[in-house]
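Asks:
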Amino acid sequence: MSAKIRYEQYFAAGEHIGGKGDIIITDLLTITGQEAVYRARKADKPVLLCVLLPLRWARFREDRHAFEPYSEQSAMRLTAVIEGARARLGQVAKMKDEDALPVIHDVFTDRGTLWYVTDETADPTLSETDHHYKLREAIDMTAPVLDALAGLHEAGFAHGGISRETITVAEDGFHLSGFLAANGTPAPREDVQAVSLLLWQLLTGETAYHAESGGNLPASIRNALHNGINDPGMTVSDLWVQLHARKAAARVPVKTAAASARPSLLTRVFNPVVTAIFCLACLSVPLVKWFSERQVKAADVPPVEKLEDVAYEPKNGELILPELLCMEQEEAVDLLEGMGLRVILSARQDNPVVPENCVVSQQPYAGAVLHEGETVTLSVSDGWANYVPDVTNMHVEEATDRLESLGFVVKTKEINSENDAPGTVTVQSAAPEKRLDRGSVITLTVSLGRKDVDVTIEETVEDYVGMEYEKAKALLAEHCLYAMQIETVYDAETPAGVVLSQDVRKGEKVPQGTVINMRVSKGVETTRVPGVVLMGANDARNTLQAAGLKCNICYVSNGDYVMDCIMSQSIAEGELAAVGTEVWLTASIGSASYVISTGGWSGNPLPTVNPDDYTTEPEEETTEEENTATEAPDPTEPRNTETTRAQQTEAPTTAYVPAQTEPVYVPQETEMTAPPAPDTPVLVPGDLEPPPMPQ
70 MSAKIRYEQY
80 FAAGEHIGGK
90 GDIIITDLLT
100 ITGQEAVYRA
110 RKADKPVLLC
120 VLLPLRWARF
130 REDRHAFEPY
140 SEQSAMRLTA
150 VIEGARARLG
160 QVAKMKDEDA
170 LPVIHDVFTD
180 RGTLWYVTDE
190 TADPTLSETD
200 HHYKLREAID
210 MTAPVLDALA
220 GLHEAGFAHG
230 GISRETITVA
240 EDGFHLSGFL
250 AANGTPAPRE
260 DVQAVSLLLW
270 QLLTGETAYH
280 AESGGNLPAS
290 IRNALHNGIN
300 DPGMTVSDLW
310 VQLHARKAAA
320 RVPVKTAAAS
330 ARPSLLTRVF
340 NPVVTAIFCL
350 ACLSVPLVKW
360 FSERQVKAAD
370 VPPVEKLEDV
380 AYEPKNGELI
390 LPELLCMEQE
400 EAVDLLEGMG
410 LRVILSARQD
420 NPVVPENCVV
430 SQQPYAGAVL
440 HEGETVTLSV
450 SDGWANYVPD
460 VTNMHVEEAT
470 DRLESLGFVV
480 KTKEINSEND
490 APGTVTVQSA
500 APEKRLDRGS
510 VITLTVSLGR
520 KDVDVTIEET
530 VEDYVGMEYE
540 KAKALLAEHC
550 LYAMQIETVY
560 DAETPAGVVL
570 SQDVRKGEKV
580 PQGTVINMRV
590 SKGVETTRVP
600 GVVLMGANDA
610 RNTLQAAGLK
620 CNICYVSNGD
630 YVMDCIMSQS
640 IAEGELAAVG
650 TEVWLTASIG
660 SASYVISTGG
670 WSGNPLPTVN
680 PDDYTTEPEE
690 ETTEEENTAT
700 EAPDPTEPRN
710 TETTRAQQTE
720 APTTAYVPAQ
730 TEPVYVPQET
740 EMTAPPAPDT
750 PVLVPGDLEP
760 PPMPQ
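So this note's numbering is basically just the index in the sequence shown, starting at one, shifted up by 69.
Written as structure tokens, this is what we have:
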């Protein structure tokens, strides 16, 4: 197994899949449980290509781009899993009248595993959205899923893998996907429990059922979800009826066996079981005494048959991958690197269960046999928190919607204020840009306005455009008028907090107590810099670009990191930066002795050059004096191939290009020539300093 395997991808863009090879992979969309979903094209039509990842029974062979069972036993188990999944998919394909189920066009085996094809959809998964669903909205959105599950259960099949990752959010409600994510043969009971837990999470934000968390829910909803989670006989239809019942259903006790009445004293004394135990105890006393006094002979000891030790003992050079779930990222990285393994991170994801900066998953899984130098991919939790926005000077309804959309709970209190319009947030209990767990309570202080307003008196409105909002608010308050910040917009040419427009023109007369609505500048648009250290170069670039930042990469020769792994970033994670800011990353290019051929010195950053901007100018004739000049060339320019090769002690046969990144400028391979003439200076590494990484 090569150290370059990207476990989070398996199959690359451009690969042909299927017996006829008529399906071409475009890119990886997502991985959930035992299933990966790729965008692909079949006969020039965009489709989704889903594949079973049989990592419990097979290893991925990079040389064959296929899965191979570990042993004969695992091969038999994998065959049974594939056949069960094929039967499930066949049943789903027949149910064409269910809108919440995807239309399955083809099911086939290839590369040692099972595949199926569905129509491409732009709908996000539930885990990719942070929408806060209200009670009736959540139940209505779940209705298509319950209807589809009822049809599956009636046909004798269950989904078995319902989660936020296998449910997509469409306009008409939730839809089901992920039919390969189930283990074994799932039972309908598992689907009922999973849907109930999912609804509970949407309505309360809690991942486990706790009665006290649903205090704000109607009793009928609370009892229905309790029964769906704890009642082994609950069906999808029962859950639907109880969710829509006007009268709450009785809650099923968690302990199904009821406690019996306390027996009487006479019953306890003459209980048959107690009597039998007493008689056996009386008979055992003389037997125990006889055996204790009897001498034991060797012939009396039966031979003990030794069982073969079935634990796998690693051979020379083999390493057993430990379990890293919920371990701190730094601790997990130190452990793996101490074993001689390389580490790379996938994108960080919000997770309500695993604490921030702790491992959520690992590829390969615990117990896998690896060798020194191979790569382990870790997925790390970003916690279940958000940064608190600044909602002061907003109307309380807008402020509440914004905070609740981020997962916070809002409470309000009211006060009289001379400067603030009625309904305006004057103070928030949590400071802006503070990171808090979702579900945290934020109290907003809301203005009731002033008491000395006389609507019979008219005041003249002045021009406040270009003035700081706080100053404009104070000036209006002197005339018993209010300023209301109805909108804040990014404006790179106007400082933050300056008024851009007002809805009442200068010179107009308005009664006291009138609210002047204003648009206020937020200044230059900013974004929060994500952490990309230990990610692959492509993932890091996509993450930064998604945050509105530009990405530049310098490559460094370093044998301690897997090739293409990001080692540092110029702007720290969590800092605010203007949209479009350049973030410089350093990435490992390995420990090859010929790194110098890529345009820099081993151990130092390599400049990134856009190949489209680089053109080869025809060489001009120079005089002998110019050829023999000793002035050092500009280190930011591409270095001459001939001169570069003269510096090497061993010339490479091909130019090395870093994998999976935007191409760095690499001099074209030319025929080896003799060393330069004595009158031509030979540059030695160290004579010129490479360009530093921008800070």
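We treat Cβ as the ideally placed atom computed from N, Cα and C, and that holds for glycine.
1. Per DSSP, what kind of secondary structure is LYS520 in: helix, strand or coil?
2. Apart from the five residues just before and just after PRO424, which ones in its own chain have a Cβ nearer than 7 Å to its Cβ?
3. Helix, strand or coil: which one does DSSP assign to GLY582?
4. What three-state label does DSSP hand TRP269 in the structure shown?
5. On the criterion of 16 or more Cβ atoms from any shown chain inside 10 Å, does ARG180 qualify as buried, or is it exposed?
6. Can you say whether MET553 is buried or exposed, counting buried as having 16 or more other CB atoms within 10 angstroms of its CB?
7. Who are the Cβ neighbours of LEU405 in its own chain at under 6 Å, not counting the five residues just before and after it?
8. Just checking, does the segment 561-573 make contact with the segment 466-474 on the three C-beta pairs under 8 Å criterion?
9. I need the straight-line Cα distance from ALA326 to HIS295, nearest angstrom please.
10. Over the uninterrupted beta strand (DSSP E) stretch that includes LYS111, give me the two end residues.
11. When you compare the CB positions of LEU545 and GLN581, do they come within less than 8 Å of one another, or not?
12. Would you say the segment 180-199 touches the segment 219-239, given that touching needs at least three Cβ pairs under 8 Å?
13. Alpha carbon to alpha carbon, how far is ARG714 from GLY605?
14. Quick check: the segment 511-528 against the segment 485-494, are at least 3 beta-carbon pairs closer than 8 Å?
15. Could you tell me the distance, in whole angstroms, from the CA atom of LYS89 to the CA atom of VAL652?
16. Touch check for the segment 381-392 and the segment 429-438: three-plus C-beta pairs under 8 Å?
17. Would you be able to state if there are at least three C-beta pairs under 8 Å between the segment 142-154 and the segment 114-133?
18. Whose C-beta lies closer than 6 Å to the C-beta of LEU613 among residues of the same chain, with five residues either side of it excluded?
19. Where does ARG574 fall in DSSP's three states?
20. How would you write the range of the beta strand (DSSP E) that ASN607 sits in, first residue to last?
21. Three or more beta-carbon pairs under 8 Å between the segment 578-597 and the segment 620-632, yes or no?
22. For the alpha helix (DSSP H) holding VAL176, just list the boundary residues, first then last.
23. Out of ASP633, VAL601 and ASP96, point me to the one whose CA is closest to GLU644's CA.
24. In the DSSP assignment, find the alpha helix (DSSP H) that holds ASP470 and state where it starts and stops.
25. For GLY229, count neighbouring Cβ atoms within 10 angstroms of its own Cβ and tell me buried if that reaches 16, exposed if not.
26. State buried or exposed for PHE347, treating a residue as buried only when at least 16 other CB atoms are found within 10 Å of its CB.
27. Return the residue from the list CYS427, LEU414 and GLU441 that minimises the CA-CA distance to MET408.
28. Do SER265 and GLY242 have their C-beta atoms within less than 8 Å of each other?
29. Would you list the residues sitting across from ALA127 in a DSSP beta bridge?
30. Short of 6 Å in beta carbon distance, which residues of its chain neighbour MET396, apart from the five on each side in sequence? Order them along the chain.
31. Got a sec: does the ligand FAD put a non-hydrogen atom nearer than 7 Å to the Cβ of THR148?
32. Check for me: the alpha helix (DSSP H) holding ALA207 runs from which residue to which?
33. Does DSSP put ILE86 in a helix, a strand or coil?
34. Would you list the one or two residues that DSSP bridges to HIS279?
35. Anyone know if the C-beta pair for ALA318 and ALA277 falls short of 8 Å?
36. Is LEU352 buried or exposed, if buried means 16 or more other CB atoms sit within 10 Å of its CB?
Replies: Inspection of the coordinates gives the following:
1. Here residue 520 refers to the residue found at position 451 when the sequence shown is read from its first residue. The answer is coil: DSSP assigns LYS520 none of H, G, I, E or B.
2. In the sequence shown, residue 424 corresponds to position 355, counting from 1. Cβ within range, chain order: SER450 and GLY452.
3. The sequence position of residue 582 within the sequence shown is 513, counting from 1. Three-state DSSP puts GLY582 in coil, outside helix and strand.
4. Taking the sequence shown and counting its residues from 1, the one referred to as residue 269 is at position 200. Note: TRP269 maps to helix in three-state DSSP.
5. In the sequence shown, the residue the question calls residue 180 occupies position 111. ARG180 should be labelled buried.
6. As a working mapping, residue 553 is identified with position 484 in the sequence shown. Label assigned to MET553: buried.
7. For this step, residue 405 is matched to residue 336 along the sequence shown. Taken in chain order, the residues that qualify are VAL412 and VAL445.
8. no
9. As a first step, residue 326 must be located in the sequence shown, where it is residue number 257. As a first step, residue 295 must be located in the sequence shown, where it is residue number 226. Residue confidence for ALA326 is low, a pLDDT of 36 falling below 50, so the modelled location carries little weight; the figure read from the coordinates is stated next. If I take the Cα positions, the gap works out to 17 Å.
10. As a first step, residue 111 must be located in the sequence shown, where it is residue number 42. Where LYS111 is concerned, the enclosing beta strand (DSSP E) starts and stops at 104-111.
11. For the purposes of this step, residue 545 is taken as the residue at position 476 of the sequence shown. For the purposes of this step, residue 581 is taken as the residue at position 512 of the sequence shown. No, they are not a contact pair.
12. yes
13. Reading the sequence shown from its first residue, position 645 is the one you call residue 714. Reading the sequence shown from its first residue, position 536 is the one you call residue 605. Per-residue confidence for ARG714 stands at a pLDDT of 35, beneath the threshold of 50, marking its modelled position as unreliable; the derived number appears in the next sentence. ARG714 and GLY605: Cα-Cα distance of roughly 30 Å.
14. yes
15. Taking the first residue of the sequence shown as position 1, residue 89 is located at position 20. Taking the first residue of the sequence shown as position 1, residue 652 is located at position 583. Approximately 44 Å, taken between the alpha carbons.
16. yes
17. yes
18. Taking the sequence shown and counting its residues from 1, one reaches residue 613 at position 544. Closer than 6 Å at the Cβ level, and outside the excluded window around LEU613, lie CYS620 and VAL652.
19. If you number the sequence shown from 1, residue 574 lands on position 505. Note: ARG574 maps to coil in three-state DSSP.
20. The residue labelled residue 607 in the question sits at position 538 within the sequence shown. Not the beta strand (DSSP E): ASN607 falls in the alpha helix (DSSP H), residues 606-615.
21. no
22. Looking up residue 176 in the sequence shown gives position 107. That residue, VAL176, is in no alpha helix (DSSP H); its beta strand (DSSP E) goes 173-179.
23. Walking along the sequence shown from the start, residue 644 turns up at place 575. Checked all of ASP633, VAL601 and ASP96; the closest Cα to GLU644 is VAL601.
24. As a working note, residue 470 is residue 401 in the sequence shown. Run containing ASP470: 465-474, per the alpha helix (DSSP H) assignment.
25. Position 160 of the sequence shown, counted from the start, is the residue given in the question as residue 229. Buried: at least 16 other Cβ atoms inside 10 Å.
26. Sequence index remark: in the sequence shown, residue 347 carries index 278 (1-based). Residue burial annotation: PHE347 is exposed, with fewer than 16 other C-beta atoms found within 10 angstroms of its C-beta.
27. To locate residue 408, count along the sequence shown from 1; it is residue 339. Looking at the Cα atoms, GLU441 is the closest of the given residues.
28. Within the sequence shown, the letter at position 196 stands for residue 265. Within the sequence shown, the letter at position 173 stands for residue 242. Going by C-beta atoms, SER265 is not nearer than 8 Å to GLY242.
29. By one-based count along the sequence shown, residue 127 stands at place 58. PRO138.
30. Within the sequence shown, numbered from 1, the residue matching residue 396 stands at position 327. VAL428, listed in sequence order.
31. Absent from the structure shown: the ligand FAD. Ligands present: none.
32. Here residue 207 refers to the residue found at position 138 when the sequence shown is read from its first residue. Note, ALA207: alpha helix (DSSP H), 204-223.
33. The count along the sequence shown starts at 1 and reaches residue 86 at position 17. Correct three-state label for ILE86: strand.
34. Looking up residue 279 in the sequence shown gives position 210. Per DSSP, none; premise fails for HIS279.
35. Taking the first residue of the sequence shown as 1, we reach residue 318 at position 249. Taking the first residue of the sequence shown as 1, we reach residue 277 at position 208. No, they are not a contact pair.
36. For the purposes of this step, residue 352 is taken as the residue at position 283 of the sequence shown. Per the 10 Å Cβ criterion, exposed.
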